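Novice:
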Amino acid sequence: MKKAVIDLIASRMVEDDTELTIRNEQHKILAKGEWWKDRIYPYYLSKMKGFLWTDSNKIIIDIKE
C-alpha cells in the first residue's frame, strides 16, 4: 500500500517550519509551503511516489497522478 502525503506530514520528519514541495511525476512543482498552508492541503490524500529530505529542513514529495 502506498503512503499518502498526510502520512508523511504526520511523521516526526515534518515540523511546523519544514518547507514542503509537492511535484507531479514530471517533476513540475504543484505546491510549495509549510504543511498547514492552504496550497498544500489539496494534496494531503495524494499517493506518494517518493520523497527527498534535505539538510535545510525541506522535503520534496513526488506524487502519483
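This note's numbering numbers the first residue of the sequence shown as 1080 and each following residue consecutively. We put the CB at the ideal spot given by N, CA and C, even for glycine. If you're wondering where the values come from, they're calculated on a predicted model, not measured in any experiment.
The alpha helix (DSSP H) spanning D1141 covers which residue range?
Specialist: As a position in the sequence shown, residue 1141 is number 62, starting the count at 1. First-last for D1141: 1137-1142, but that is the beta strand (DSSP E), not the alpha helix (DSSP H).
Novice: For I1119, name the three-state secondary structure that DSSP assigns.
Specialist: The residue labelled residue 1119 in the question sits at position 40 within the sequence shown. If DSSP states are grouped into helix, strand and coil, I1119 belongs with coil.
Novice: Which one or two residues does DSSP pair with L1099 in a beta bridge?
Specialist: Along the sequence shown, read from residue 1 onward, the residue named residue 1099 stands at position 20. BP columns for L1099 point to G1112, I1138.
Novice: Determine, using beta carbons only, whether I1142 and L1099 come nearer to each other than 8 Å.
Specialist: The residue given as residue 1142 occupies position 63 in the sequence shown. The residue given as residue 1099 occupies position 20 in the sequence shown. No, these two residues do not count as a Cβ contact at 8 Å.
Novice: Using a Cβ-Cβ cut-off of 7 Å (strictly less than) and excluding sequence neighbours within five positions of A1110, which residues of its own chain qualify?
Specialist: The residue given as residue 1110 occupies position 31 in the sequence shown. Taken in chain order, the residues that qualify are I1101, R1118, I1119, Y1122.
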